[in-house]
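**Q**
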Amino acid sequence: MSNEQQIIDSNLNKEYEYGFVTNIESETIPPGLNEDVIRIISQKKDEPEWLLEWRLKAYRRWTKMKDPDWAKVKYPNIDYQSISYYSAPKKKELSSLDEVDPQLLETYNKLGIPLEEQKMLSGVAVDAVFDSVSIATTFKDELKKAGVIFCSFSEAVKDYPELVQKYLGTVVPYTDNYFATLNSAVFTDGSFVYIPKGVRCPMELSTYFRINEANTGQFERTLIIADEGSHVSYLEGCTAPMRDENQLHAAVVELVAHKDSTIKYSTVQNWYPGHPETGAGGIYNFVTKRGTCLEENSRISWTQVETGSAVTWKYPSCILKGDNSVGEFYSVAVTNNHQQADTGTKMIHLGKNTKSTIISKGISAGKGQQTYRGEVKIMKGAEQARNFSQCDSILIGSDCGAHTFPYIDVRNPTAQMEHEATTSNIGEDQLFYCNQRGISSEDAVSMIVNGFCKEVFKELPMEFAVEATKLMEVTLEGSVG
Amino acid sequence: MLNIQDLHAGVDNKEILKGLNLEIKPGEMHAVMGRNGSGKSTLSNVITGREGFHISKGNIEYKGQSIIEWSPEKRALAGLFMSFQYPVVMPGVNNTYFLKAALNAKLKHHGKQELDAAGFLKLIKEKLTEVDMDTSYLQRAVNEGFSGGEKKRNEILQMLTLEPELAILDETDSGLDIDALKIIADGVNRYRNKERSFLVITHYQRLLKYIEPDIVHVLIDGKFVKSGGKELAIELEEKGYSWLES
């Protein structure tokens with residue numbers, strides 16, 4: 000056994016590949032948070048009065064709130080006055096990609112996200128958010144032809160104020176929770192998507208988030224609306240430089256699904272996880288994601304692959320209001336070295352014949368600590384509601400931990416609930432079996448983990464499934480030798 | 000091929016093998032018979048280099064080289080294969096993927112061209128017919144939901160694909176019905192040739208009716224107490240082990 004442990008330890012030092020810093024001139028406001036800062040943000044973005052008011056209401060509320068302490072994660076108190084709430088690459092008002100700072104394009108190329116037309120080949124439209132500002136959105140024109148709106152949040156506020164005003168905060172109100180309320184006060188940009196009636200979005204939509212500046216927080220806000228009978232698949236990816244200090248990422252995502260519509264939201268999260276040995280630095284990923292299946296036969300599906308961040312606090316949820324609506328949550332979360340994650344979902348059944356599925360796969364290695372926290376609530380009027388939950392954890396090595404907290408609240412006797420949970424080690428027997436066939440332990444672990452995650456990976460858009468598989472290999476490289 | 004000299008080995012400071020000697024020449028089929036607890040599985044685990052088994056004295060040579068310091072995969076890549084008594088389930092890991100990875104690891108190790116998906120598929124389809132398995136196997140996960148017979152056939156399929164020079168069949172007959180036993184024996188017999196050696200570890204003489212060993216060893220309390228031709232297996236079947244115990 001000691002040898003196995005040695006093998007596990009010997010390889011725990013794969014470096015984070017996206018840890019570079021881009022040298023670019025930025026306009027960053029000084030650290031600190033007060034009403035004036037919020038006015039500056041709002042002014043810089045040339046926002047209408049109602050939005051400023053909304054921000055200020057959120058801020059006032061936030062000053063009376065407390066950090067949530069119920070999650071099974073440990074981190075030092077965050078000094079919210081030491082964070083800068085706005086940072087943007089200096090050049091503004093771009094009319095085409097040609098005007099984007101070449102350094103920035105280089106950054107996205109390094110990340111393997113070419114913003115140029117080559118993405119056409121894979122049929123993905125990309126919105127890139129660098130620090131707080133949306134840099135470029137590709138394929139806007141093509142999408143426009145289909146009637147699809149895909150733009151930065153700031154543009155949406157300018158160009159489609161009535162849509163923003165109608166939906167903003169309807170799923171995650173500004174009073175929702177500490178981090179969501181903070182986001183409501185200081186959010187800087189993000190993506191906005193509107194799919195009109197009966198339209199099947201012709202390509203995958205994708206946003207890449209990048210934090211670059213030191214001492215900045217990233218507070219983006221995403222709002223996706225699928226009108227009646229429409230269909231959209233959306234993917235977000237995230238990376239950040241390696242820095243010794245922690246950085247806060249407190250995003251809010253709201254999804255609204257109208258009658259007969261489908262929203263599929265996938266995340267491949269690879270924020271900097273902190274130093275592998277000391278645990279210093281890394282992103283605090285405190286994100287509120289929620290979708291409402293507003294009307295009948297609508298469907299919202301969350302798929303997440305969480306491999307980065309020092310601390311993750313995240314529960315993508317579905318409110319199943321419309322009859323026959325469907326909520327799904329597919330998750331793979333990896334915690335290696337000193338990473339901590341408390342993640343899961345909430346499925347709130349309100350409508351009749353509503354159905355939810357939860358598949359959660361947790362992988363812990365090194366000193367990683369991971370918690371699945373899920374709530375399934377069947378309300379009184381939710382006749383014949385059904386839920387299936389499956390939460391599996393796998394442990395690699397003996398210094399990590401996996402914890403499961405399922406909450407079930409059933410108020411209608413016709414509900415059908417199924418819950419399955421397993422925790423296992425990567426077995427010595429599995430490793431030996433692979434070794435005896437000439438497969439190295441490293442390849443064996445990657446094979447076993449990918450097998451374990453298969454049910455979730457198959458939910459990802461094809462090319463991102465490949466990316467996720469690779470990412471898992473990098474994240475776990477060295478967790479066994 | 001394999002030369003074991005005065006092997007003392009065990010688990011957790013408990014000595015299980017107490018001075019075992021064995022020489023297997025190329026092309027030979029040896030059978031080791033013994034009761035539960037006699038040291039049979041320790042022998043196979045020590046030869047394949049499993050974690051947790053230690054050697055306190057003696058040596059194991061494979062093709063003239065001592066392998067006792069070698070990792071399990073180094074031994075495997077050098078041509079040593081074991082058909083597991085309890086084949087391991089690998090949830091979600093596709094058989095095709097698993098076996099292709101194993102074969103390509105071996106090809107690469109020997110400086111040969113690795114097989115692409117199409118090349119592998121062609122090969123595996125041929126091998127499947129040899130153990131009477133259909134192509135649905137290719138989509139299934141390794142040993143997941145396999146019956147006892149399917150698991151053992153899968154082991155033999157892997158052997159036929161990886162083409163080892165020395166194959167250890169560890170209790171391959173346990174839990175098999177007669178049809179499955181025949182399929183496996185046929186697979187093994189076709190695989191036999193002048194270069195390839197086998198070590199068959201078994202409780203019963205049942206399998207040995209279909210796979211004729213050249214030499215049979217009786218293992219009692221960590222040592223071979225008697226060795227002989229295939230007729231020794233029949234004798235054991237009739238008389239049991241007690242007449243050999245001191």
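Same order as they appear, the protein sequences are chains A and B.
Mapping to numbering that gives the first Met the number 0: the first sequence position 134 is 133, numbers consecutive.
Mapping to numbering that gives the first Met the number 0: the second sequence position 175 is 174, numbers consecutive.
Each residue gets a CB set at the ideal place from its N, CA and C atoms; glycine is no exception.
Is it true that the CB of Phe-456 (chain A) sits closer than 9 Å to the CB of Ala-443 (chain A)?
**A** Within the first sequence, residue 443 (chain A) is the residue found at index 444, counting from 1. Within the first sequence, residue 456 (chain A) is the residue found at index 457, counting from 1. Not closer than 9 Å, so no.
**Q** Please state the DSSP three-state secondary structure of His-29 (chain B).
**A** Residue mapping note: residue 29 (chain B) aligns to position 30 of the second sequence, counting from 1. In the structure shown, His-29 (chain B) sits in a strand (DSSP, three-state: E or B).
**Q** With 9 Å as the threshold, decide whether the Cβ of Met-446 (chain A) is near any Cβ in chain B.
**A** Stepping through the first sequence from its first residue, residue 446 (chain A) is reached at position 447. Chain B, which has a Cβ nearer than 9 Å to the Cβ of Met-446 (chain A), makes this yes.
**Q** Whole angstroms are fine: how far does the CA of Arg-289 (chain A) sit from the CA of Leu-254 (chain A)?
**A** Here residue 254 (chain A) corresponds to residue number 255 of the first sequence, with the count starting at 1. Here residue 289 (chain A) corresponds to residue number 290 of the first sequence, with the count starting at 1. Each residue's Cα considered, the two are about 6 Å apart.
**Q** Going along the chain, which residues of its own chain have a beta-carbon closer than 8 Å to the beta-carbon of Met-0 (chain B), five neighbours each way excluded?
**A** As a position in the second sequence, residue 0 (chain B) is number 1, starting the count at 1. For Met-0 (chain B), where only same-chain residues beyond five positions count, the Cβ hits under 8 Å are Ile-23, Lys-24, Pro-25, Glu-27, Tyr-61, Lys-62, Glu-164, Leu-165, Ser-196.
**Q** Thr-421 (chain A) and Phe-387 (chain A): beta carbons closer than 9 Å?
**A** Translated into positions along the first sequence, residue 421 (chain A) becomes position 422. Translated into positions along the first sequence, residue 387 (chain A) becomes position 388. Against a cut-off of 9 Å, the Cβ pair of Phe-387 (chain A) and Thr-421 (chain A) comes out as no contact.
**Q** Extract the residue ranges of the alpha helix (DSSP H) inside the region 247 to 324 of chain A, only unbroken runs of 4 or more that lie entirely within it.
**A** Whole alpha helix (DSSP H) segments, 4+ residues: zero.
**Q** With distances taken Cα to Cα, identify the nearest neighbour of Ile-123 (chain B) among B:Lys-107, B:Tyr-96, B:Asp-11.
**A** Residue numbering aside, residue 123 (chain B) sits at position 124 when the second sequence is read from its first letter. For Ile-123 (chain B), the nearest C-alpha among the options comes from B:Tyr-96.
**Q** With Met-471 (chain A) and Ala-100 (chain B) assumed to form a contact (beta carbons below 8 Å), what rounded beta-carbon distance in angstroms separates them?
**A** For this step, residue 471 (chain A) is matched to residue 472 along the first sequence. For this step, residue 100 (chain B) is matched to residue 101 along the second sequence. In fact, because the Cβ distance is near 16 Å, the residues do not count as touching under 8 Å.
**Q** Report all residues from its chain with a CB closer than 8 Å to the CB of Glu-227 (chain A); omit the five preceding and five following residues, and keep chain order.
**A** Translated into positions along the first sequence, residue 227 (chain A) becomes position 228. The answer, listed in chain order, is Lys-196, Gly-197, His-257, Lys-258, Asp-259, Ser-260, Glu-294.
**Q** For Glu-211 (chain B), which residues in the same chain have their Cβ closer than 8 Å to its Cβ, ignoring the five residues on either side in sequence?
**A** Against the second sequence, residue 211 (chain B) aligns to sequence position 212. So the qualifying residues of the chain are Met-28, Lys-229.
**Q** Quick check on DSSP: helix, strand or coil for Thr-187 (chain A)?
**A** On the first sequence, residue 187 (chain A) is found 188 positions in, with the first residue counted as 1. Coil, per DSSP.
**Q** Between A:Trp-49, A:Gly-373, A:Leu-204, A:Phe-186, which lies nearest to Ser-316 (chain A) when the distance is taken from Cα to Cα?
**A** By 1-based counting over the first sequence, the position of residue 316 (chain A) is 317. Checked all of A:Trp-49, A:Gly-373, A:Leu-204, A:Phe-186; the closest Cα to Ser-316 (chain A) is A:Gly-373.
**Q** According to DSSP, is Val-87 (chain B) part of a helix, a strand, or is it coil?
**A** As a first step, residue 87 (chain B) is located in the second sequence; it is residue number 88 there, counting from the start. Val-87 (chain B): coil per DSSP, three-state reduction.
**Q** Do you know how far the Cα of Glu-72 (chain B) is from the Cα of Ala-104 (chain B)?
**A** Start at 1 with the first residue of the second sequence, and residue 104 (chain B) comes out as number 105. Start at 1 with the first residue of the second sequence, and residue 72 (chain B) comes out as number 73. Between Ala-104 (chain B) and Glu-72 (chain B), the C-alpha separation is close to 10 Å.
**Q** List, in chain order, every chain B residue whose beta-carbon is nearer than 7 Å to that of Lys-453 (chain A).
**A** Mapped onto the first sequence, residue 453 (chain A) falls at position 454. The contacting residues are Gly-91.
**Q** Tell me the rounded alpha-carbon separation between Asp-115 (chain B) and Ser-135 (chain B).
**A** Looking up residue 115 (chain B) in the second sequence gives position 116. Looking up residue 135 (chain B) in the second sequence gives position 136. The alpha-carbon atoms of Asp-115 (chain B) and Ser-135 (chain B) are separated by roughly 20 Å.
**Q** Quick one: grab the DSSP three-state call for Lys-39 (chain B).
**A** Taking the first residue of the second sequence as 1, we reach residue 39 (chain B) at position 40. Lys-39 (chain B) falls in the helix class under three-state DSSP.
**Q** Decide if Ser-151 (chain A) is buried, meaning its Cβ has at least 16 other Cβ atoms within 10 Å, or exposed.
**A** As a position in the first sequence, residue 151 (chain A) is number 152, starting the count at 1. Its Cβ being crowded by 16 or more others within 10 Å, Ser-151 (chain A) is buried.
**Q** Please list the segments of the beta strand (DSSP E) lying wholly inside the region 381 to 425 of chain A, counting only runs of 3 or more residues, in order along the chain.
**A** The region 381 to 425 of chain A contains these whole beta strand (DSSP E) runs: 385 to 395, 400 to 409, 415 to 424.
**Q** Which word fits Gly-280 (chain A), buried or exposed, when buried means at least 16 other C-beta atoms lie within 10 angstroms of its C-beta?
**A** If you number the first sequence from 1, residue 280 (chain A) lands on position 281. Under this definition Gly-280 (chain A) is a buried residue.
**Q** Can you tell me the Cα-Cα spacing of Glu-162 (chain B) and Ser-439 (chain A), whole angstroms?
**A** Position 163 of the second sequence holds residue 162 (chain B). Position 440 of the first sequence holds residue 439 (chain A). Glu-162 (chain B) and Ser-439 (chain A): Cα-Cα distance of roughly 18 Å.
**Q** Please name the residues in the region 360 to 389 of chain A whose beta-carbon is closer than 9 Å to at least one beta-carbon of chain B, in chain order.
**A** Answer set for the region 360 to 389 of chain A: empty.
**Q** Assuming Met-446 (chain A) is part of the alpha helix (DSSP H), what are its boundary residues?
**A** The residue you call residue 446 (chain A) lines up with position 447 of the first sequence. 440 to 456 is the extent of the alpha helix (DSSP H) around Met-446 (chain A).
**Q** Out of curiosity, what's the CA-to-CA distance linking Tyr-159 (chain A) and Ser-190 (chain A)?
**A** Here residue 159 (chain A) refers to the residue found at position 160 of the first sequence. Here residue 190 (chain A) refers to the residue found at position 191 of the first sequence. Going by the C-alpha atoms only, they are around 13 Å apart.
**Q** Listed in chain order, which residues of the region 178 to 199 of chain A have Cβ atoms closer than 8 Å to some Cβ of chain B?
**A** The region 178 to 199 of chain A vs chain B, Cβ under 8 Å: nothing.
**Q** If the criterion is Cβ atoms closer than 9 Å, does the pair Tyr-240 (chain B) and Arg-74 (chain B) meet it?
**A** In the second sequence, residue 240 (chain B) corresponds to position 241, counting from 1. In the second sequence, residue 74 (chain B) corresponds to position 75, counting from 1. No, these two residues do not count as a Cβ contact at 9 Å.
**Q** Quick check: the Cα distance between Gly-488 (chain A) and Ile-37 (chain A), rounded to an integer number of angstroms?
**A** Nothing can be reported for residue 488 (chain A), as the shown portion of chain A is limited to 0 through 480.
**Q** Between which two residues does the alpha helix (DSSP H) carrying Met-158 (chain B) extend?
**A** Taking the second sequence and counting its residues from 1, one reaches residue 158 (chain B) at position 159. Where Met-158 (chain B) is concerned, the enclosing alpha helix (DSSP H) stretches over 147 to 161.
**Q** From A:Leu-319, A:Gly-321, A:Thr-266, A:Glu-382, pick the residue whose C-alpha is nearest to that of Ala-332 (chain A); which is it?
**A** Within the first sequence, numbered from 1, the residue matching residue 332 (chain A) stands at position 333. The residue with the shortest Cα to Cα distance from Ala-332 (chain A) is A:Thr-266.
**Q** Can you pull the chain B residues whose beta carbon is under 7 Å from the beta carbon of Asp-35 (chain A), in chain order?
**A** Along the first sequence, read from residue 1 onward, the residue named residue 35 (chain A) stands at position 36. Result: empty, since nearest Cβ-Cβ is about 54 Å, beyond 7 Å.
**Q** Taking the alpha-carbon positions, what's the Cys-399 (chain A) to Glu-237 (chain B) distance?
**A** As a first step, residue 399 (chain A) is located in the first sequence; it is residue number 400 there, counting from the start. As a first step, residue 237 (chain B) is located in the second sequence; it is residue number 238 there, counting from the start. Using only the alpha carbons, I get a separation of about 54 Å.
**Q** Helix, strand or coil for Ser-135 (chain B), going by three-state DSSP, please let me know.
**A** For the purposes of this step, residue 135 (chain B) is taken as the residue at position 136 of the second sequence. Helix, per DSSP.
**Q** Please compile the residues from chain A whose C-beta is within a distance smaller than 7 Å of the C-beta of Met-81 (chain B).
**A** The residue given as residue 81 (chain B) occupies position 82 in the second sequence. Going along chain A in sequence order, the residues near Met-81 (chain B) (Cβ under 7 Å) are Gln-435.
**Q** Do you know whose CA, among A:Lys-354, A:Leu-142, A:Tyr-173, lies nearest Pro-201 (chain A)'s CA?
**A** Here residue 201 (chain A) refers to the residue found at position 202 when the first sequence is read from its first residue. Taking only the C-alpha atoms, the option nearest Pro-201 (chain A) is A:Leu-142.
**Q** Residues of the region 256 to 278 of chain A with a CB closer than 8 Å to any CB of chain B: list them in chain order, please.
**A** Per Cβ criterion, the list is empty.
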